[in-house]
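Counted the way numbering that gives the first Met the number 0 counts, the sequence shown spans residues 0 to 161. Cβ coordinates follow ideal geometry from the N, Cα and C atoms, glycine included.
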Amino acid sequence: MSQKNNKNNQESEFVEIFNYAGIKPTEKRIAIFKGLKMAGKALSPYDLVQYCKQNLGLTLPAVSIYRILDLLVAADLVHKLDTVNKYICCTHIDCHKPHPHTQFLICSLCQKVEEVHMPAELMAQLSAQIQSHGYQLNSPQFEFQGICTDCQALEEEAASNA
0 MSQKNNKNNQ
10 ESEFVEIFNY
20 AGIKPTEKRI
30 AIFKGLKMAG
40 KALSPYDLVQ
50 YCKQNLGLTL
60 PAVSIYRILD
70 LLVAADLVHK
80 LDTVNKYICC
90 THIDCHKPHP
100 HTQFLICSLC
110 QKVEEVHMPA
120 ELMAQLSAQI
130 QSHGYQLNSP
140 QFEFQGICTD
150 CQALEEEAAS
160 NA
């Protein structure tokens, strides 16, 4: 398949995703979504400014990107990672179901992010534990910093070569 056909198929897929979410698929919105989808890691709004400029020839002010990101987060197409102030595409867009108990594993070395879902029973236990201390959760989203398997392997290789 040619690169142009692949690009058109991808654009059609993004338009379909936006339509399903009830969002008008504008060029700028698709550009931001594409940037997040293609990056393979979480990006800040300023990373997206650079991505759009370098890869799409599109100059967008950061304030526009923030607005678009807010819209995409509200539609559950994108997640905001509060601990690192970056954004990532939802990896479960295709199943069209809400995922109320999301947790993110963030590699502190390469910034790769993995979205995983917490069982409802575990979330209930955590909520009970938190409430027993007089607190109430503002968000059921958890973000854990760690080192991914790829970076662990690189560290082990570097240690064995030292």
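Query - is_contact[Y65, chain D] using C-beta, thresh 7 Å - result: Looking for chain D here will not work: only one protein chain is present.
Query raised in the report: Between the stretch 71 to 80 and the stretch 97 to 111, are three or more C-beta pairs nearer than 8 Å?
Result: Here the stretch 71 to 80 makes contact with the stretch 97 to 111; the two share three or more CB pairs at distances below 8 Å.
**Report entry** Member of C88, L136 and L125 whose CA lies at the smallest distance from the CA of E114
**Finding:** In the sequence shown, the residue the question calls residue 114 occupies position 115. Checking every option, the nearest Cα to that of E114 belongs to C88.
**Report entry** Per-residue DSSP class, three states only, for T101
**Finding:** Taking the sequence shown and counting its residues from 1, the one referred to as residue 101 is at position 102. In this structure, T101 counts as strand in the three-state DSSP scheme.
Query raised in the report: What's the gap between the Cα of T25 and the Cα of G39?
Result: For the purposes of this step, residue 25 is taken as residue 26 along the sequence shown, with counting starting at 1. For the purposes of this step, residue 39 is taken as residue 40 along the sequence shown, with counting starting at 1. Straight-line measurement puts the Cα of G39 at about 22 Å from the Cα of T25.
Query raised in the report: What's the gap between the Cα of S159 and the Cα of Y86?
Result: Numbered from its first residue, the sequence shown carries residue 159 at position 160. Numbered from its first residue, the sequence shown carries residue 86 at position 87. About 35 Å.
**Report entry** Residue nearest to I105 in terms of C-alpha spacing, selected from D149, P139, Y134 and D46
**Finding:** Looking up residue 105 in the sequence shown gives position 106. Measuring from the Cα of I105, the nearest candidate turns out to be D149.
Query raised in the report: alpha helix (DSSP H) containing K33: first to last residue?
Result: Mapped onto the sequence shown, residue 33 falls at position 34. In the DSSP annotation of this structure, the continuous segment of the alpha helix (DSSP H) that includes K33 starts and ends at E26 to A38.
Query - Cβ contact check for the stretch 16 to 23 and the stretch 57 to 67: 3 or more pairs under 8 Å - result: Taking a cut-off of 8 Å for Cβ pairs, the stretch 16 to 23 and the stretch 57 to 67 do not touch, as fewer than three such pairs fall below it.
Query - Residue closest to H91, alpha-carbon to alpha-carbon, out of A74, A30, A157 and Q130 - result: Residue 91 sits at position 92 when you count from the first residue of the sequence shown. Across the set A74, A30, A157 and Q130, the C-alpha of A74 shows the shortest separation from the C-alpha of H91.
Query raised in the report: Which whole-angstrom value is the C-beta distance of T82 and E142, which I expect to be below 8 Å?
Result: Counted from its first residue, the sequence shown places residue 82 at position 83. Counted from its first residue, the sequence shown places residue 142 at position 143. The Cβ separation is near 5 Å, so the contact holds.
Report task. Report the rounded CA-to-CA distance for K27 versus K111, giving the unit in angstroms. Result -> Here the question's residue 27 lines up with position 28 in the sequence shown. Here the question's residue 111 lines up with position 112 in the sequence shown. One C-alpha to the other measures close to 25 Å.
Query raised in the report: Taking the alpha carbon of G21 as the point to measure from, which residue in S11, Q53, L71 and N54 has its own alpha carbon closest?
Result: Locating residue 21 in the sequence shown gives position 22, where the first residue counts as 1. The option with the nearest alpha carbon to G21 is L71.
Report task. Name the residue from N137, D46, M37 and C51 whose alpha carbon lies nearest to the alpha carbon of N84. Result -> Here the question's residue 84 lines up with position 85 in the sequence shown. Of N137, D46, M37 and C51, the residue nearest in Cα terms is D46.
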